[in-house]
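See below for the structure under consideration.
2 protein chains.
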Amino acid sequence: MPNAKDDKKPDDVLNLGNFLCFAVYSANHAFNRVYKPLLDRLGLTYPQYLAMVLLWGEDNQTVGGLGEKLFLESSTLTPLLKRLEALGLVKRSRDLADERQVRVQLTDQGRALREKAAEVPQCILEASGLEMGEAKRLLAEITALRNTLDRTGRG
Amino acid sequence: MPNAKDDKKPDDVLNLGNFLCFAVYSANHAFNRVYKPLLDRLGLTYPQYLAMVLLWGEDNQTVGGLGEKLFLESSTLTPLLKRLEALGLVKRSRDLADERQVRVQLTDQGRALREKAAEVPQCILEASGLEMGEAKRLLAEITALRNTLDRTGRG
DNA sequence: CACGATTAAATCGTACACGATACAAATACG
DNA sequence: CGTATTTGTATCGTGTACGATTTAATCGTG
Numbered sequence: 001m002p003n004a005k006d007d008k009k010p011d012d013v014l015n016l017g018n019f020l021c022f023a024v025y026s027a028n029h030a031f032n033r034v035y036k037p038l039l040d041r042l043g044l045t046y047p048q049y050l051a052m053v054l055l056w057g058e059d060n061q062t063v064g065g066l067g068e069k070l071f072l073e074s075s076t077l078t079p080l081l082k083r084l085e086a087l088g089l090v091k092r093s094r095d096l097a098d099e100r101q102v103r104v105q106l107t108d109q110g111r112a113l114r115e116k117a118a119e120v121p122q123c124i125l126e127a128s129g130l131e132m133g134e135a136k137r138l139l140a141e142i143t144a145l146r147n148t149l150d151r152t153g154r155g
Numbered sequence: 156m157p158n159a160k161d162d163k164k165p166d167d168v169l170n171l172g173n174f175l176c177f178a179v180y181s182a183n184h185a186f187n188r189v190y191k192p193l194l195d196r197l198g199l200t201y202p203q204y205l206a207m208v209l210l211w212g213e214d215n216q217t218v219g220g221l222g223e224k225l226f227l228e229s230s231t232l233t234p235l236l237k238r239l240e241a242l243g244l245v246k247r248s249r250d251l252a253d254e255r256q257v258r259v260q261l262t263d264q265g266r267a268l269r270e271k272a273a274e275v276p277q278c279i280l281e282a283s284g285l286e287m288g289e290a291k292r293l294l295a296e297i298t299a300l301r302n303t304l305d306r307t308g309r310g
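Chains as they are written, first to last, in the working numbering: chain A, 1 to 155; chain B, 156 to 310.
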């Protein structure tokens, strides 16, 4: 009788369906597709929406501060924020005390968009098919996974 | 004493840390960063690696077949596969029976790369900090979530 | 058999996403 | 003080990713 630890076929190891990374990768794409029609009505892309959520929570953040929370580099954020500025949702200006930093402020239009975006989270939760409790548990597990991976990826 | 269901501050709803989508989004980026140094040694990007995994499992697939498994459009896959072809890892050729389809075949070099890539999944599992059992459970939950989202995103 | 409809890839335009690099402002330190 | 180093953004090049469109091949129906 084969050992329970060794009786996997070699195919199992390289079957994409068994890749946790691929589950995450494809779930991310699936979220994107669900968000798309909702965000189209706001004129935002998904990463732009995430940046706006942060700014709605705390205005006048620096590029670096936003990048740290979003796990994004300035090479990604700078053009994204410029697009938000071109849309008239934010204003970017050098910090007077430290001119290396750029601060991002919501415009009136940017603040107003918050109302129109209010229903989005509920729509997403429904699309996930999860109860609030399940969603929170899964959220905690995936966040913990991300933090572990991130320590490896940087340490 | 406030009702347990209603005593959340409005901020809770728009706190990025409570977004399941953001957990998935950032976990995906974190996986990418862990994979990068491993895949650099193979000369592959992460999506290219996923495509190769599928081809190692079943050679001679069509572009559409790969796209269905990877949840990617031909507009994404075509250039990706052209890069794999330029690397000498695959060959692309029209299906003789149905010339609309393009079939992707591994070259000897592409097959050989499988050996060098063999240790990758184990490295990733270790980086995730999860036991095999935990990883499998999480995999199943995230896959189920993706499938639910996907039904909404398309239906 | 013909011809409109469908299908499979490819192409194009826009928007992430990152590493490498550049550059200016701020800090450290002799 | 004045220069070396560090820090915060921005820029550039490469590679996804998708929707809209195009093109060519196949299929369906008359």
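Just so you know, even glycine gets a beta-carbon here, dropped at the ideal spot from N, CA and C.
For clarity, every value in this text was computed on a predicted model and none was experimentally measured.
In the structure shown, the three-state DSSP call for T107 of chain A is coil. A Cβ-Cβ distance of about 6 angstroms is found for the pair V24 of chain A and V179 of chain B, placing them in contact under the 8 angstroms criterion.
The secondary-structure analysis by DSSP pairs T217 of chain B across a beta bridge with B:R258. The beta carbon of D95 of chain A sits closer than 8 angstroms to those of T62, Q101, V102 and R103, all from its chain and outside the five residues before and after it, given in chain order. Within the region 178-214 of chain B, the complete alpha helix (DSSP H) segments at least 4 residues long are 201-212, listed from N- to C-terminus. Three or more beta-carbon pairs drawn from the region 230-246 of chain B and the region 258-271 of chain B are found closer than 8 angstroms, and the two stretches are therefore classed as touching. Per DSSP, the unbroken alpha helix (DSSP H) holding L80 of chain A starts and ends at S74 to A86.
DSSP lists no beta-bridge partner residue for S128 of chain A. Taking 7 angstroms as the cut-off between beta carbons, the residues of the region 63-78 of chain A near chain B are K69 and F71, in sequence order.
By alpha-carbon distance to S75 of chain A, the top candidate from A:G64, A:N32 and A:D150 is A:G64. Proximity to L304 of chain B across A:A86, A:H29 and A:R146 peaks at A:H29, based on C-alpha coordinates.
The beta-carbon separation of Q203 of chain B and L235 of chain B, rounded to 6 angstroms, stays under the 8 angstroms limit for a contact. L175 of chain B and S128 of chain A do touch by the CB rule: their CB atoms are close to 6 angstroms apart, below 8 angstroms. Within the DSSP secondary-structure output, K91 of chain A pairs in a beta bridge with A:Q105. Linking L280 of chain B to E270 of chain B through their CA atoms gives a straight-line distance of about 18 angstroms. Rounded to whole angstroms, L227 of chain B and D253 of chain B show a C-alpha spacing of 21 angstroms. Nearest Cα to D40 of chain A within the set A:A117, A:Q122 and A:R151: A:A117. With a threshold of 16 other beta carbon atoms within 10 Å, R292 of chain B falls short and is exposed. Ranked by how close their Cα comes to the Cα of T143 of chain A, the residues B:F186, B:T298 and B:L239 have B:F186 in first place. Annotated as proximal: L169 of chain B and G57 of chain A, with beta-carbon spacing under 8 angstroms.
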